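Numbering (the working numbering), first residue to last: 1 to 131.
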């Protein structure tokens, strides 16, 4: 998770230990993309469950100075994930290409038969490397 962090000294100063729904949604989108890049093309997350777990000391508990640590209401966020199965590439064909050969395009994409399906790698190969 990039935006939503567990409370700690650094997250306290950056304000990352405060729950923002928009930031949580951005993190969930990143998790979905990560799962798809690992071959879980049908990966989905469920609705996050947010529950209060009472007061918890946050910040820097070893040195309990007021500006470094405090006792705040803490939350537990549970996100159900359904991975699905891992997909691998079968045969794939490149059609309609007139500038590059099929072998050149496949080499740039960097995926071969039997590799884990990675939509991100295909997109980068087609839209960034073949410009």
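Note that the Cβ used here is the ideal one computed from N, Cα and C, for glycine as well.
Keep in mind that this is a model prediction, so the values were computed, not measured.
With a cut-off of 8 Å on Cβ pairs, the region 113-128 is in contact with the region 82-96, counting three or more such pairs. Per the coordinates, the alpha-carbon of residue 107 lies some 11 Å from the alpha-carbon of residue 122.
Segment contact: the region 30-49 against the region 72-79, three or more CB-CB distances shorter than 8 Å; contact assigned.
Residue burial is scored here from C-beta neighbours: residue 43 has at least 16 other C-beta atoms within 10 angstroms and is therefore classed as buried. With contacts defined as CB atoms closer than 8 Å, residue 94 and residue 102 qualify as a contacting pair. Going by C-alpha positions, residue 22 is about 15 Å away from residue 32.
Counting other Cβ atoms within 10 Å of its Cβ, residue 34 stays below 16 and is therefore classed as exposed. Using a Cβ distance threshold of 8 Å, residue 55 and residue 73 count as a contacting pair. In the structure shown, the three-state DSSP call for residue 22 is helix.
Here residue 120 is actually not in contact with residue 30; their C-beta atoms are around 12 Å apart, not less than 8 Å. Shown here, residue 74 sits in a strand according to DSSP, grouped into three states.
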